[in-house]
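Accompanying notes for the structure given below.
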Amino acid sequence: MAKFKIPVDLIMSKLAEDATKVQTRAQKASEVLLDDLETALAQTPYDVVYQEDRVKLKHYRPRKECKYKTPLLVVYALINRETMLDLQPGRSVVERFLDNGIDLYMIDWGYPTRKDRFLGFDDHINGYMDNIVDFIREKNNVPKVNLMGICMGGAFSVMYSAIYPEKVRNLVTTVTPTNFDTDKGLLHVWMKQLDVDAVVDSCGNLSADMMNFGFLLLNPARLMIDKYVGFMENMDNKGFVENFIRMEKWIFDSPDLPGEVFRQFIRDCYQENKLIQSKLKVGDKLVDLKNITMPLLNIYGKFDHLVPPEACNKLVDAVASKDTEDICLNTGHIGIYVSSKCQEAFAPKIVQWLKDRDEDIAAPVKDEEAVSAKEVEAAPVKEVEAVPAKEVEAVSAKKVEAVSAKEEGVLPVTEKRAVPVEKEVADNIKTEAKSSEPVISPSAEAVISPSPPESEKYPKSSTLAKNSKKN
Numbered sequence: 011m012a013k014f015k016i017p018v019d020l021i022m023s024k025l026a027e028d029a030t031k032v033q034t035r036a037q038k039a040s041e042v043l044l045d046d047l048e049t050a051l052a053q054t055p056y057d058v059v060y061q062e063d064r065v066k067l068k069h070y071r072p073r074k075e076c077k078y079k080t081p082l083l084v085v086y087a088l089i090n091r092e093t094m095l096d097l098q099p100g101r102s103v104v105e106r107f108l109d110n111g112i113d114l115y116m117i118d119w120g121y122p123t124r125k126d127r128f129l130g131f132d133d134h135i136n137g138y139m140d141n142i143v144d145f146i147r148e149k150n151n152v153p154k155v156n157l158m159g160i161c162m163g164g165a166f167s168v169m170y171s172a173i174y175p176e177k178v179r180n181l182v183t184t185v186t187p188t189n190f191d192t193d194k195g196l197l198h199v200w201m202k203q204l205d206v207d208a209v210v211d212s213c214g215n216l217s218a219d220m221m222n223f224g225f226l227l228l229n230p231a232r233l234m235i236d237k238y239v240g241f242m243e244n245m246d247n248k249g250f251v252e253n254f255i256r257m258e259k260w261i262f263d264s265p266d267l268p269g270e271v272f273r274q275f276i277r278d279c280y281q282e283n284k285l286i287q288s289k290l291k292v293g294d295k296l297v298d299l300k301n302i303t304m305p306l307l308n309i310y311g312k313f314d315h316l317v318p319p320e321a322c323n324k325l326v327d328a329v330a331s332k333d334t335e336d337i338c339l340n341t342g343h344i345g346i347y348v349s350s351k352c353q354e355a356f357a358p359k360i361v362q363w364l365k366d367r368d369e370d371i372a373a374p375v376k377d378e379e380a381v382s383a384k385e386v387e388a389a390p391v392k393e394v395e396a397v398p399a400k401e402v403e404a405v406s407a408k409k410v411e412a413v414s415a416k417e418e419g420v421l422p423v424t425e426k427r428a429v430p431v432e433k434e435v436a437d438n439i440k441t442e443a444k445s446s447e448p449v450i451s452p453s454a455e456a457v458i459s460p461s462p463p464e465s466e467k468y469p470k471s472s473t474l475a476k477n478s479k480k481n
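Numbers 11 to 481, taken from the numbering used here, label the letters of the sequence shown in order.
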């Protein structure tokens, strides 16, 4: 029997070939890493048009004429930064909105310091958010804004819309937790057992480093090992390296979280689940989800390990709106905004949804109240006796007072920024609404064009489920 011979020459040849490949890759990786890399975030031009304490309002410069009558305000979470929505040219939700003619505003919550420790839900929602919404309404001379919330910012937007429904025309929530009675995500399990009073009383604000480390521990194998192994394997790919560095810059650019916001979010939401039950109070105002009667679009990810679908999919049934849509995409918490596949389904869907509901601000004139030109011409003209000038001035003054009083029901404003009387009168004439009645919108059938087939609206590969209810 012949002895088995180890093919040493073949093995050594293979090792030499692999060594050559490694050397070539290492040389190329060195060239990539030493070259100038484009890793800047948030390059879309904007202006800061409002600031209160650390909180700023960004107004993005339009790329084309705004097509929509109602501006869109995006409310990001207080965790991480809103720059994720403008990660890079070509992978930017902000770009998509601007390219479609949306008048876009976004809240920058800034970097909380020790003086912000005691600011809670009341300060952020009834304070900063409400002041910003009033500023946008006054600046654009509109009674309502479109509101889009992301993660915790989505929860804030839900609370705001329930407290101030007269100021919100359409509500869009993305990866927004509203039902915290679930054990599907490890974060939910941890937060239910957390002694939040001990954490806040000892630490004050929750530090960014503590939050980042906690998020990494939710999936350490993937977030602390696989991710960096993948980077090592692709160091010779300049595009991959630039994208990787951008994401790392965004992940670790984390502001601290105000202590009282963290305390109330954990205790009232994660541990007592008050939001979905309409038992949550923001300041002295009850968050009753039945007050949400405006159209609602709710989007979330099937593979979201931070906000699982079970935490999001009960919202549409908890509100009183008859125009709701619930969409679950095959993606995770961040991929819904930055993945190339979701870029084709996420932003375009929101744009089309808002377009279909971008109604005229003025209420339509009812048929029975309309008077034709012929009837006006045919109506007999009565002779009227002259009225003294003093009496005319007195009557005019009373009418102006009455119109101003009416207007308070159509366009409420805060005491900080009163709208000029002339603007109030103009808005009142346009809406022709009584002070005790909301502005009547045209019927959905009259203003919404027929929707395209579902197969055209959403790529099958990116959409898991879609449910809607509508008048």
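Backbone N, C-alpha and C fix where the C-beta goes; we use that ideal spot for every residue, glycine too.
Kindly indicate which three-state DSSP category residue i falls into: helix, strand or coil?
i    : result
E148 : helix
A388 : Confidence at A388 is low in this model, with a pLDDT of 41, below 50, so the placement of that residue should be treated as unreliable; the coordinate-derived value is given next. Helix, per DSSP.
Q61  : strand
H198 : helix
T30  : helix
R71  : coil
I276 : helix
K154 : coil
I255 : helix
E335 : strand
I135 : helix
E378 : Reliability fails at E378, whose pLDDT of 38 lies under 50, so the model's placement of it is uncertain and no value is given.
G159 : strand
S23  : helix
I173 : helix
N222 : helix
S350 : helix
Measure the Cβ-Cβ separation of residue i and residue j and say whether it is below 8 Å.
i    : j    : result
L47  : V251 : yes
L226 : L216 : no
I302 : A330 : yes
K248 : V58  : no
M169 : V297 : yes
F131 : L67  : no
P308 : D336 : Going by the sequence as given, residue 308 is Asn instead of Pro. In this structure, D336 lies closer than 8 Å to N308 by Cβ.
V178 : V152 : no
Y78  : L364 : yes
R71  : P55  : yes
N180 : V361 : no
Y115 : H69  : yes
L196 : L157 : no
V185 : G311 : yes
T334 : L290 : no
L4   : V143 : Any question about residue 4 goes unanswered here, given that the chain covers just 11 to 481.
P99  : Q61  : no
Between residue i and residue j, which are expected to be in contact by the criterion C-beta below 8 Å, what is the C-beta distance as a whole number of angstroms?
i    : j    : result
L88  : T188 : Between T188 and L88 the Cβ distance is about 17 Å, and since that is not below 8 Å, they are no contact.
V85  : S167 : 5 Å
G342 : D314 : 5 Å
R101 : Q353 : 7 Å
T183 : G214 : Actually they do not touch by this definition, with Cβ atoms about 30 Å apart.
T49  : K259 : 7 Å
V348 : L97  : 5 Å
P175 : A218 : 34 Å between Cβ atoms; not a contact.
Output needed for residue i: all residues of its chain with C-beta closer than 8 Å, excluding positions within five of it in sequence on either side, in chain order.
i    : result
I235 : none
G269 : R127, F128, V210, C213, G214, N215, L216
T192 : H198, P318, E320, A321
N503 : Here the chain covers residues 11 to 481 and nothing more, so residue 503 does not appear.
N222 : I261, F262, S264
Within a Cβ cutoff of 7 Å, which residues of the same chain sit near residue i, ignoring the five residues on either side of it in sequence?
i    : result
K202 : Y280, Q281
K194 : P318, E320
F241 : F254
Excluding five sequence neighbours on each side, which residues of the same chain lie with their C-beta closer than 6 Å to the C-beta of residue i?
i    : result
E395 : Summary for E395: the model assigns pLDDT 43, below 50, so the residue's position carries little reliability; its value from the coordinates is reported in the next sentence. Result list for E395: empty, nothing under 6 Å.
S446 : Per-residue confidence for S446 stands at a pLDDT of 32, beneath the threshold of 50, marking its modelled position as unreliable; no derived number is given.
D113 : C76, P81
K125 : none
N90  : S264
What do you get for residue i, buried or exposed, if any count of 16 or more other CB atoms within 10 angstroms of its CB means buried?
i    : result
S40  : exposed
M22  : exposed
L108 : buried
P17  : exposed
A231 : exposed
E92  : buried
D133 : buried
L293 : The displayed chain sequence assigns Gly, not Leu, to residue 293. Exposed.
Q274 : buried
D278 : buried
L339 : buried
G488 : Nothing about residue 488 can be reported from this structure: the residues present for the chain run from 11 to 481 only.
Indicate whether at least one CB of chain C lies closer than 8 Å to the CB of residue i.
i    : result
N189 : Within the model displayed, chain C is absent; a lone protein chain is all it includes.
Less than 7 Å between the CB of residue i and some heavy atom of the ligand FMN, yes or no?
i   : result
A50 : This structure lacks the ligand FMN, and indeed carries no ligand of any kind.
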